[in-house]
Amino acid sequence: MSERKSYLQLMSEGFRMMKQAKETERTINLRDWTFSFRHDRDWSVILRTERVKWVSRPFEQLTIEPTSIRFGAASLQRHVESNEVRLKIEEEWGIESKVVCDNQEWDRFVEALKQLKGE
103 MSERKSYLQL
113 MSEGFRMMKQ
123 AKETERTINL
133 RDWTFSFRHD
143 RDWSVILRTE
153 RVKWVSRPFE
163 QLTIEPTSIR
173 FGAASLQRHV
183 ESNEVRLKIE
193 EEWGIESKVV
203 CDNQEWDRFV
213 EALKQLKGE
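If you're matching positions, the sequence shown starts at 103 in our numbering and goes up one per residue.
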């Protein structure tokens, strides 16, 4: 009986480890914005700024382009000429915000998202 229990414990630990490996949780900053990404089956994001805390509904797609990022109801658009990054959240109340960041900051942010996504 002890061998069976040991086997079941090992299987339980293995399944727990597999589940944890599938879940990805990471925090990425861009100036005053802090994004906490979590990925299990779907993605979810918590955005924190000085004045706002926004929690996304679960979503399937995280789209990363050189000058734009889209996740759920939120999108980030970078304007190369002015170095402005605009955040727009299209929900009932809607949120719009912007920060100014240089090419290096933006590139680090995009690269961190690509690593998170597994690209």
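Glycine included, C-beta positions come from ideal geometry on N, C-alpha and C.
Taking DSSP's pairing of strands, which residues face residue i in a bridge?
i, result
"LEU132", "TRP135"
"GLU127", "ARG140"
Would you call residue i buried or exposed, if buried means 16 or more other Cβ atoms sit within 10 Å of its Cβ?
i, result
"LEU149", "buried"
"VAL202", "exposed"
"LEU110", "exposed"
"GLU152", "exposed"
"VAL212", "buried"
"VAL182", "exposed"
"TRP145", "buried"
"SER108", "exposed"
In chain order, what residues of the same chain have a beta carbon less than 6 Å from the beta carbon of residue i, not counting five sequence neighbours either side?
i, result
"LYS190", "SER177 and GLU198"
"GLN179", "SER170 and ARG188"
Leaving out five residues on either side along the sequence, give the residues of the same chain with a beta carbon under 8 Å from the beta carbon of residue i.
i, result
"GLU193", "ALA175"
"GLU221", "ILE166"
"TRP195", "none"
Problem set entry | Start-end ranges of the alpha helix (DSSP H) lying completely within the region 132-215, minimum 4 residues | none
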